[in-house]
Structures are given as structure tokens and as C-alpha cells.
Amino acid sequence: MQPIKSVARIAGLCLCGAAALGADPANVIVRRDQWGVPHIHGRTHADAFFGMGYAQAEDYFFQLEDTCLQALGRYAEVKGQAGLRSDILNRSFQIASRSRNDFNELKPEHQAMAAAFAAGVNHYLQTHPKEKPRLIDHFEPWYVIAMDRHMLLHFVYGRAHAGKPVERKAGGVAALHQPGTIRNAWDADAAEVSDLDLALREAIGSNAWAISGSRTESGAAMLFVNPHQPWYGMGQFYEAHLSSGEGLNFSGGCFYGNPFPTIGHNEFLGWTYTVNEPDNADAWRVRFDHPTDPLKYRYDGGWRTAEQWVENIGVREGKVVTDNAYTFRRTHHGSIVRRDGDHLIAAQVAGIFDLSRVDQALGMVLAKDYQQWRKAIRHCAIPLFNVVYADRAGNIFYAFNGTI
Numbered sequence: 003m004q005p006i007k008s009v010a011r012i013a014g015l016c017l018c019g020a021a022a023l024g025a026d027p028a029n030v031i032v033r034r035d036q037w038g039v040p041h042i043h044g045r046t047h048a049d050a051f052f053g054m055g056y057a058q059a060e061d062y063f064f065q066l067e068d069t070c071l072q073a074l075g076r077y078a079e080v081k082g083q084a085g086l087r088s089d090i091l092n093r094s095f096q097i098a099s100r101s102r103n104d105f106n107e108l109k110p111e112h113q114a115m116a117a118a119f120a121a122g123v124n125h126y127l128q129t130h131p132k133e134k135p136r137l138i139d140h141f142e143p144w145y146v147i148a149m150d151r152h153m154l155l156h157f158v159y160g161r162a163h164a165g166k167p168v169e170r171k172a173g174g175v176a177a178l179h180q181p182g183t184i185r186n187a188w189d190a191d192a193a194e195v196s197d198l199d200l201a202l203r204e205a206i207g208s209n210a211w212a213i214s215g216s217r218t219e220s221g222a223a224m225l226f227v228n229p230h231q232p233w234y235g236m237g238q239f240y241e242a243h244l245s246s247g248e249g250l251n252f253s254g255g256c257f258y259g260n261p262f263p264t265i266g267h268n269e270f271l272g273w274t275y276t277v278n279e280p281d282n283a284d285a286w287r288v289r290f291d292h293p294t295d296p297l298k299y300r301y302d303g304g305w306r307t308a309e310q311w312v313e314n315i316g317v318r319e320g321k322v323v324t325d326n327a328y329t330f331r332r333t334h335h336g337s338i339v340r341r342d343g344d345h346l347i348a349a350q351v352a353g354i355f356d357l358s359r360v361d362q363a364l365g366m367v368l369a370k371d372y373q374q375w376r377k378a379i380r381h382c383a384i385p386l387f388n389v390v391y392a393d394r395a396g397n398i399f400y401a402f403n404g405t406i
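The sequence shown begins at 3 in our numbering and counts up by one.
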């Protein structure tokens, strides 16, 4: 590996609370190999997460901000009508507001992780004034939780609402670059292609193989990881290697906005995910026909009262963003997401607000053997995906993972 860049001993930086929770940018080094993949080392875990935030922003701030805009329910402020459906779905489930409130319920070390990641993004913006955010010029730590939840929402809800017209539209899009040419106007190209992303969230499968050491010539277990992710849009992967003086040493991939890889390997074990289809979302037809109270709905021979609130969603048209008021409702079943004749449809996604997902994901990354890894995955806080695992002791493992 030939390092071509390093970030260390950064002075004069406002860490927005990250320093108090363990991150020190002076202890962060980012080295890039010949393919440009960042190898990030920090004295502490938080130092490494700071480097991850900086590296993601440096490599592709457009996508990091794009994912965050969707997670905050503010996509229509930059995309106009094309982003409105995503914002309405996001606001229906209160992704942003609940993530902001839930952040303080995280363990202090997990708050430090998110704070360090956000500080890394913010330092990149502070030191690269030519990078012009479309909307978000300062990242907050709780955005990490919101991005995770919004991604899960679209894995479940977007998959269920995929449609055939996407294939006809995508087939007519010319290649942006011919083989061998140099990419120019990167953000403009990315913006053009990301227009398709809202419609391209079909059920995307992946491939994975785990072969026991008893079946290989070398006697070592083998893991083949082949995620099928798009080149553009919210679902694209970011590759990185993170290590720290506290025992973190993991290389793999994740979505933009994750402080560490979520599939890949350390020196002891590795795993990957492929998409499955557990029954982890439910919908109910709810009838609001009380004679005097429009918020009362029928349930079990009686009435219940829904929660109702109003939010302003900004929608861009040209250079003008106009706030429009939208009314949302939530029943004990879940959020109201659409109308079906004289009924409204309430929906819920299992595990979407489970804060132990951070415990599970980080525990899997830090595990040093099969028993530690199984202890982490028993949280069942990642509510979908097939899981395929192998380790250097020769063990292999598969689970159809799902929370219902």
C-alpha cells in the first residue's frame, strides 16, 4: 500500500462536543492506497470515526449530503416535487424528530461515535470552502441515527412499492461517460443520475457464499461477498478500513452516513448481508367516521383517538423554496401513509426505532471470535437481511434474519 494522503494533528478545530467525548483529530491519520480507499487510524475508536466522517465528505460530499437531506425530510428543498414523496413518508414516520430526541438515550460511547463522525464532516467543510453544500452546511451527531432509520424505512417501504415503469425510464438514459474518459463536473453528473434514484429502489438482491474449511483445499474457511448496490444514489456503498489503538480493525463497506463499515472483515472473521423479505412491515385499514371528532377511529368495537400534527415542507421550484403545510396522523397501529377509499392506511416497520442496533453493529465489528459475534447478533436489532459469516477458525454461519 502506498499512502498518498494523511490527516493528522489538526489545530484550531471546533469539535462540537466530540473532544469531550473522546475524539482528538490530532490522533487521526488517513492513508489512501493505490485505489484511493481510505485506511483510517485513530488512537481511540472516536478518533477513527472522526476520520471516517472526514474521508466520506472528502470523497463524495454530494452523496453524503444527499442521503442526509432525505433522512431529515428536506429533500424537496433541493429536488422540488421529485423529492416530495420521500419527505412526506419520512415526516409521517417522524424520522428526524424522533432521532433528535432519541440521541440522548444512546450510550455515551455511541454518542461519542456519532459526534466524532459529524465533527469529521464539519472539519472537511471548514477546511474546503470551495465545497458548496446545497443545504446542509453543518452536520449534527443525531443525523447518523436519522440516516440509519431512513435507509431502513426505504429498504422496507420502497421495496414494497417498486414498479415496472422504472425499467422503461432507465433504459433510455445514455451513459454519462464513455470507457476510458475522465470524469468532469462530478456533482452535475451525480445530480442527473440521482434523479432516477427515488424510482429505482426495487428489491435489490446480492450474492454471498461461505465455504467451511472442511471443503477447501487450504483448510481455511472462505467468504465471498458480492453486494449488488447502485453506483449512484442513497444505496451506493462506501469502502474503508478503520483501525484504532483500542482494538478496532475492520475493512469493508457501508452506506454514506455510517461511521464504520457494516459488512466486511477484521483479522478474525467476516460477514455480509443479502436482501431477504421477512414480514417486518404491517398495514391496517383504519376508518375515521366518528360523528363529532374527526380524530377518532374505530377499533375493537369502540373508538381510539389519533395523534395529529402539522409540519411545513419546503418545496423548490426554480430558485424559490415555498413552505407548504402538511397534516400528519398517527394511530396506535402506526403512521397514516395513504388513503384507500373511505379508509386510511396505517403502517409500521418492525424495529425501525430500536437503539440497540448501534450495540449490535459495533459489537459485530469488534468481535474476535464466533461466540462474541453471535452474542452481538442476538440483539436482532437489524430487522432484515440474510447474514452469511465465516471465520479463521473454519466456522461458517447463515441466518435468515428478520424482526416481525
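Each residue gets a CB set at the ideal place from its N, CA and C atoms; glycine is no exception.
- Message: Quick check on DSSP: helix, strand or coil for W40?
- Response: Checking the sequence shown, residue 40 turns out to be Pro, not Trp. Residue state, collapsed to three classes: strand.
- Query: Count the other CB atoms within 10 Å of the CB of R34; is the residue buried (16 or more) or exposed (fewer)?
  - Reply: When all chains shown are included, R34 counts as buried.
- Message: For E319, which residues in the same chain have their Cβ closer than 7 Å to its Cβ, ignoring the five residues on either side in sequence?
- Response: G82
- Query: Out of curiosity, what's the CA-to-CA distance linking N268 and R300?
  - Reply: 53 Å
- Identify, in the order they occur along the chain, each residue of the same chain with its Cβ nearer than 8 Å to the Cβ of N278, setting aside the five sequence neighbours on each side. L386, F387, N388, F402, N403, G404
- Message: For a test of the three-state rule: what should DSSP assign to D139, helix, strand or coil?
- Response: In the structure shown, D139 sits in coil (DSSP, three-state: anything other than H, G, I, E or B).
- At which residue ranges does the region 233-278 contain complete beta strand (DSSP E) runs of 3 or more residues, listed in the order of the chain? 239-246, 251-257, 265-267, 271-276
- Query: When the Cα atoms are used, what is the spatial distance from R380 to Q231?
  - Reply: 26 Å
- Query: How about I338 and N326: are their beta carbons less than 8 Å apart?
  - Reply: no
- Query: Taking all protein chains shown into account, do 16 or more other C-beta atoms lie within 10 angstroms of the C-beta of Y234, making it buried, or fewer, making it exposed?
  - Reply: Buried is the call here.
- Distance between P135 and F64 (C-alpha atoms, nearest Å): 8 Å
- Task: May I ask you to report which of helix, strand or coil DSSP gives R376?
- Result: helix
- Close Cβ partners of M149 (< 7 Å) along its chain, the five nearest in sequence each way excluded: T69, C70, A73, G259
- Rounded separation between L368 and Y391 - CA only: Take the alpha-carbon of L368 and the one of Y391: they are about 14 Å apart.
- Task: Label R217 either buried or exposed according to how many other C-beta atoms from any shown protein chain fall within 10 Å of its C-beta, with 16 as the threshold for buried.
- Result: exposed
- Query: So what does DSSP say about K298, is it helix, strand or coil?
  - Reply: strand
- Unbroken alpha helix (DSSP H) runs of length 4 or more, entirely within the region 324-399: which are they? Counting only runs of 4 or more, we get 358-368, 372-379.
- Task: Report back the beta-carbon spacing between F330 and Q350 to the nearest angstrom; my notes put them in contact at under 8 Å.
- Result: Rounded, the Cβ-Cβ distance is 15 Å, inconsistent with contact.
- Task: Measure the Cβ-Cβ separation of D356 and A395 and say whether it is below 8 Å.
- Result: Not closer than 8 Å, so no.
- Answer with buried or exposed for V312, where buried requires no fewer than 16 other C-beta atoms within 10 angstroms of its C-beta. exposed
- Message: Using a Cβ-Cβ cutoff of less than 7 Å, which residues in the same chain neighbour D139 once the five nearest sequence positions on both sides are dropped?
- Response: Only L127 meet the Cβ criterion.
- Message: Tell me which residues share the same chain as M54 and place their Cβ nearer than 7 Å to its Cβ, disregarding the 5 neighbours each side in the sequence.
- Response: Excluding sequence positions up to five before and after M54, its CB lies within less than 7 Å of the CB of I42, F119, G122, A242, L244, P261, F262, all in the same chain and listed in chain order.
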